[in-house]
Structures are given as C-alpha cells and as structure tokens.
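First the structure, in the form of structure tokens, and then the observations on it.
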Amino acid sequence: MLRVKNLPKLISRKKNTHKGSYGRVLVLAGSPGMTGAAYLCCKAALRSGSGLVTLGIPKSLNFVMETKLTCVMTHPLPETKALTLSNKGREEILKLCEKHDVVALGPGLSQQPETKKLILWMIKTINRSIVIDADGINTLTGNLHILCKIKKNVVLTPHPGEMSRLINLGLAKDVQKKRIDIATKFVKSIHKQLGKERDFILVLKGDKTIVANYNKVYINHTGNPGMATAGAGDVLTGIIVSLIGQGFNVFDASQLGVYIHGLAGDIASKKKGEVSMIASDILDCLPDAFIRYGKERL
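Okay, here's the thing in structure tokens:
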C-alpha cells in the first residue's frame, strides 16, 4: 500500500469560463429536523468552488431551503408521510442526475424505511460519481453488497461509529485502535468485486483522517478537537463533492478535501476557540483555507 504525502494543486481558473466549467453538483439531503445538514453540505460545495449546486429536497421542506440557500437551486421531490424522500421520486431523481456531474447522497436523509429503500436503489442506479455520507452510510449497514453494483466511482465518508456498524466491529473505539489496517482491508475487499473501471474511496474521519483506495493511503494532519461538532461531516462532504465536480479524480478530491476541511477548522479554532467553534465556523473559514492553500502550493 503506497503512503501518499503530496497533495494536488488547485485547478487554475481561466478567463473564458462559465459556471458549468466548475462542476454541477447535485445534493440529495435533508428531512424534518435535519435541514441543517443539507444547508451545510450545499454551502460548503459552493464555497469550495462549484459553479452550480442543486439541492433535491422533500417538497414540504423546499420553502425553508429556498429561504436559507439563496445561491443554491432547490428541486422539490416526492415525499413520504414522514416528509422524507419517497420512492415515487425515482425517475425524477434520475433525470436530475443526468443534468449534474456528481452527486452527494445522505446528509440528513433519515432512516425512514421507504427512504432507505430509495437510498439503496440510488447507490446502485445513479450513473455518476457519488459521495455517500451520514444516512447513506447508515443505510449500507447490512447492505454492503450494494456497493459492488455501483456504476461509477464512490467515496464513502464514515466516522468511527458508522464504520464500526458497517463492518460489525463492536464500538467506535475498536475502530480507532486499528484505523489504517481496518481502512485498507475494507477498501481492498470492496475493490476486488469492482474491477479497475470503478474506484472506491474510503474517508475514515477522526483524528488524522484516513483516505484510502485499493493501492494508496493518505493520512491527514490538519484539524483539531474543536471539529468534533455536529455538522462538520456535512461540510466535508460538500468540499469533496465540489472538488470532484471541478475535475479532480476521486482520490485527489478526497485527500485535498480532508486537508482543506481540517485547515478551515484550524483557522476557525484560532478565531472562535476549540470549545466554542461550530460547523458553520468551519464553513465560514473555507475561503481563508483555500487562499492559504493556494499560496502554499505555488
């Protein structure tokens, strides 16, 4: 397994470009009580350079998100009685995907039974690279075979608790003890069934976040304990999906994404302190993080 240390440079912006030049991102996220997850993910994608971001949201929540996200296009989708995404929206979601370059799936979607069925169907059906987080990961617990049916590349972004449930390994602390070993073995087991045409990336979050695929591993060194706050993972998903949409391959997007995410967290901790910082502080510090990184990589 090759240990990767070098990070990619940011993609330079040319004068003769338009919003489509920097990626069209579709975010499928949100449910009652979890609109913040959708907000943080979409806003992070924009702050990371996406030219256009669309949020697919249960229709009852559309007005709320239109109000919160003035720079994001919203698309109301069919919903269940619990106001979560419904199976009835399958064809509409596929048409949406065709208009976008990459998809983020999972933040705040809920574990409502019908929505879980929809999530599994989307993972194996969507013909775009997908970044799977939160309820997307939770739905894969006991259903890992679905990953072997993906049509394009996939990035999976579990925290240690989600990872322990995925592989049925006790508690989060059990994952923490053997992070690198667990991450590398997991990606190899999935990749054996995928072949060379599709790439599978695991982003195992936590102190020194690990990014791994079948033959490479990157260990991140930015970030701090203040980032252990609700919504921080939604911000990371938005960063990674944005970078994929801009043209980075899924491994480079993931390693650069976790570095920038941690760097923004470090900047936020100096402004707010580790005790008081929240996920939106990380989001607000993304511009400074990208500026600093751009100067470091000249």
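Residue 113 is where the sequence shown starts when you use our numbering, and the numbers rise one by one after that. Cβ coordinates follow ideal geometry from the N, Cα and C atoms, glycine included. All figures in this text were calculated on a predicted structure; none of them were measured in a lab.
* To do: Look at Asp247 and Ser222 and say whether their C-beta atoms are less than 8 Å apart.
  => Here residue 247 is taken as the residue at index 135 of the sequence shown, counted from 1. Here residue 222 is taken as the residue at index 110 of the sequence shown, counted from 1. Contact: yes.
* Asked: For Leu346, which residues of its own chain have a beta-carbon under 6 Å away from its beta-carbon, when the five flanking residues on both sides are left out?
  -> Sequence index remark: in the sequence shown, residue 346 carries index 234 (1-based). The identity of residue 346 in the sequence shown is Asp, whereas the question assumes Leu. Result list for Asp346: Ala149, Leu152, Cys153 and Pro219, in chain order.
* In the DSSP assignment, what are the bridge partners of Thr186? -> Within the sequence shown, numbered from 1, the residue matching residue 186 stands at position 74. When beta bridges are read from the DSSP output, Thr186 appears opposite Leu167.
* Asked: CA-CA distance, Glu386 and Asn255?
  -> As a first step, residue 386 must be located in the sequence shown, where it is residue number 274. As a first step, residue 255 must be located in the sequence shown, where it is residue number 143. Near 37 Å, if we compare the C-alpha coordinates of Asn255 and Glu386.
* Would the beta-carbon of Arg159 fall within 8 Å of that of Leu398? -> Taking the sequence shown and counting its residues from 1, one reaches residue 159 at position 47. Taking the sequence shown and counting its residues from 1, one reaches residue 398 at position 286. Yes, Cβ-Cβ distance for Arg159 and Leu398 is below 8 Å.
* To do: Can you say whether Leu252 is buried or exposed, counting buried as having 16 or more other CB atoms within 10 angstroms of its CB?
  => As a working note, residue 252 is residue 140 in the sequence shown. Per the 10 Å Cβ criterion, buried.
* Asked: By Cβ distance below 6 Å, which residues in the same chain neighbour Ser366 in space, the five residues on each side in sequence not counted?
  -> Counted from its first residue, the sequence shown places residue 366 at position 254. Hits under 6 Å: Val267, Ile313, Val315, Val323 and Ile352.
* To do: Using only the heavy atoms of the ligand PLP, determine whether one of them is closer than 7 Å to the beta carbon of Leu208.
  => The ligand content of the structure shown is nil, which means the ligand PLP is not present either.
* **Counterpart residues of Ser241 in DSSP-defined beta bridges** => To locate residue 241, count along the sequence shown from 1; it is residue 129. The partner list for Ser241 (beta bridge, DSSP) reads Val214.
* Assign Pro225 to one of two classes, buried (16 or more other C-beta atoms within 10 Å of its C-beta) or exposed (fewer than that). => Within the sequence shown, the letter at position 113 stands for residue 225. It counts as exposed.
* With C-beta atoms as the reference, is Leu259 less than 8 Å away from Ile302? -> Here the question's residue 259 lines up with position 147 in the sequence shown. Here the question's residue 302 lines up with position 190 in the sequence shown. For Leu259 and Ile302, yes; Cβs fall inside 8 Å.
* Where Val139 falls: helix, strand or coil (DSSP) -> Along the sequence shown, one-based indexing puts residue 139 at 27. In the structure shown, Val139 sits in a strand (DSSP, three-state: E or B).
* Tell me the DSSP bridge mates of Leu197? -> On the sequence shown, position 85 is the one that residue 197 refers to. Its beta-bridge partners are Glu191.
* DSSP state of Phe298, grouped into three classes? -> Here residue 298 refers to the residue found at position 186 when the sequence shown is read from its first residue. Three-state DSSP puts Phe298 in a helix.
* Short check: CB of Arg125 to CB of Asp213, under 8 Å? -> Translated into positions along the sequence shown, residue 125 becomes position 13. Translated into positions along the sequence shown, residue 213 becomes position 101. Not a contact, by the Cβ cut-off of 8 Å.
* How is the alpha helix (DSSP H) around Phe363 delimited, first residue to last? -> Counting from one through the sequence shown, the residue named residue 363 turns up at place 251. Residues Val362 to Lys384.
* To do: Return the first residue and the last residue of the alpha helix (DSSP H) that Val387 is part of.
  => Against the sequence shown, residue 387 aligns to sequence position 275. It is not in any alpha helix (DSSP H) - Val387 carries neither H nor E in the DSSP assignment.
* Asked: Where Ile235 and Ile242 are concerned, what is the direct C-alpha to C-alpha distance, given to the nearest angstrom?
  -> Residue numbering aside, residue 235 sits at position 123 when the sequence shown is read from its first letter. Residue numbering aside, residue 242 sits at position 130 when the sequence shown is read from its first letter. The straight-line gap from Cα to Cα measures roughly 8 Å.
* So what does DSSP say about Leu316, is it helix, strand or coil? -> Here residue 316 refers to the residue found at position 204 when the sequence shown is read from its first residue. Three-state result, Leu316: strand.
* Asked: Between Gly369 and the rest of its own chain, which residues show a CB-CB distance below 6 Å, the 5 nearest in sequence each way excluded?
  -> Numbered from its first residue, the sequence shown carries residue 369 at position 257. In its chain, beyond the 5 residues on either side, Ile351, Ile352 and Leu355 have a beta carbon closer than 6 Å to the beta carbon of Gly369.
* Whole angstroms is fine: what's the gap from Asn73's alpha carbon to Lys207's? => Outside the displayed range of the chain (113 to 410) lies residue 73, so it cannot be described from this structure.
* To do: List the residues that DSSP assigns as beta-bridge partners of Ile322.
  => Position 210 of the sequence shown, counted from the first residue, corresponds to residue 322. In the DSSP assignment, the residues bridged to Ile322 are Leu316 and Ile331.
* **Proximity to His271 [Cα-Cα], best of Tyr371, Ala295 and Pro144** => Here residue 271 is taken as the residue at index 159 of the sequence shown, counted from 1. Comparing Cα-Cα distances from His271 to each of Tyr371, Ala295 and Pro144, the minimum goes to Ala295.
* Which of helix, strand or coil DSSP assigns to Leu306 -> Locating residue 306 in the sequence shown gives position 194, counting from the first residue. The answer is coil: DSSP assigns Leu306 none of H, G, I, E or B.
* If you follow the beta strand (DSSP E) that Leu268 is part of, which residue opens it and which one closes it? -> As a first step, residue 268 is located in the sequence shown; it is residue number 156 there, counting from the start. Val266 to Leu268 is the span of the beta strand (DSSP E), which, as asked, contains Leu268.
* Comparing alpha-carbon positions, which option in Lys131, Lys127 and Ser143 lies nearest Val184? -> Residue numbering aside, residue 184 sits at position 72 when the sequence shown is read from its first letter. Measuring from the Cα of Val184, the nearest candidate turns out to be Lys131.
* **Straight-line Cα distance separating Leu375 from Met339** => Counting from one through the sequence shown, the residue named residue 339 turns up at place 227. Counting from one through the sequence shown, the residue named residue 375 turns up at place 263. Approximately 11 Å between the Cα atoms of the pair.
* To do: Please report the residue range of the alpha helix (DSSP H) in which Arg409 lies.
  => Taking the first residue of the sequence shown as position 1, residue 409 is located at position 297. Element bounds for Arg409: n/a, residue is neither H nor E.
* What did DSSP end up calling Asn128 once you bin it into helix, strand or coil? -> Looking up residue 128 in the sequence shown gives position 16. Correct three-state label for Asn128: coil.
* To do: Enumerate in chain order the residues of its own chain whose CB-to-CB distance from Leu395 is below 7 Å, with the five nearest sequence positions on each side excluded.
  => As a position in the sequence shown, residue 395 is number 283, starting the count at 1. Non-local beta-carbon contacts of Leu395 in its own chain, meaning distances under 7 Å to residues more than five positions away in sequence, involve Leu152, Lys155, Ala156, Arg159 and Val347 in chain order.
* Using the C-alpha atoms, what's the distance from Glu408 back to Leu217? -> Position 105 of the sequence shown holds residue 217. Position 296 of the sequence shown holds residue 408. Cα-Cα distance, rounded: 32 Å.
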